[in-house]
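Under our numbering, the residue at position 13 of the sequence shown is numbered 219, and the numbers go up by one with no gaps.
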Amino acid sequence: MAVNTKTEYALRALIEIHKNGRISAQKICEAQSLPKKYIEHLLALLKGAGMVTSSPGSLGGYELSKKPEEISFADILEAVEDNSFVAGCLVDSGRHCLGEDCPLSPFFSELDNRLQEIFRGYNLRDILDFWERKDK
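See below:
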C-alpha cells in the first residue's frame with residue numbers, strides 16, 4: 207500500500223502549520239514545494255474536519271484547531287478522503303468483488319479493522335516526532 211499524495215501533502219501542510227503557528231497556504235507551499243491549488247483544496251478538507259481554522263487578511267492564515275495529540279492518522283485519512291488504505295472488500299464499488307457472498311469478505315473486513323486500529327493509534331504528535339528526528 208502506498209501513501210497517496212493527498213495524505214502526504216496534508217501531513218506536510220499540518221507539519222508546517224504546527225511549526226509556524228498561523229501560516230498562509232502560500233507559505234506552506236513555498237516551504238514544502240507543494241502545488242497551491244491542491245493544498246488549498248486539502249486545507250479546506252482539513253478545515254471541514256475541524257483540524258484547522260483559517261483567518262483572512264495579511265496577518266491571517268491557517269492554525270491547528272486541535273492539539274496534535276488529538277488528531278489521529280485515521281482522522282487525517284478520513285478528512286482528505288484517502289481510501290488507499292482500505293483493505294475491506296468494497297461491495298458497493300463493483301470493482302473485482304463477488305458481492306456479499308464472497309468468502310474473502312470476512313478476512314478483508316478483519317484486516318481493515320486492524321489497520322484502522324493501527325491508524326487510530328498514531329497521531330499528529332507522533333508524526334511530528336518522526337519528522338523532527340530526521341532534522342537531527
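In this text, a Cβ means the ideal position worked out from N, Cα and C, and glycines have one as well.
Of the residues VAL292, ILE282, TYR215, GLY227, the one placed nearest SER260, counting alpha carbons only
For SER260, the closest alpha carbon among the candidates VAL292, ILE282, TYR215, GLY227 is that of GLY227.
Below 6 Å CB to CB, which residues in the same chain sit around GLY254 once its five sequence neighbours on both sides are set aside?
Closer than 6 Å at the Cβ level, and outside the excluded window around GLY254, lies no residue.
Would you please state the rounded distance, in angstroms, between the beta carbons of HIS224 and LEU252? I believe it to be under 8 Å.
Contact doesn't hold; Cβ gap of about 12 Å is too wide.
Helix, strand or coil, according to DSSP, for ASN329 in the structure here?
The answer is strand: DSSP assigns ASN329 an E or B state.
Terminal residues of the continuous beta strand (DSSP E) containing GLY267?
For GLY267, the enclosing beta strand (DSSP E) starts and ends at 267-270.
Which partner residues does VAL209 have in the DSSP bridge list?
According to DSSP, which records beta bridges pairwise, VAL209 is partnered with nothing at all.
Quick check on the DSSP output: the alpha helix (DSSP H) that includes GLU287 runs from which residue to which?
It is not in any alpha helix (DSSP H) - GLU287 carries neither H nor E in the DSSP assignment.
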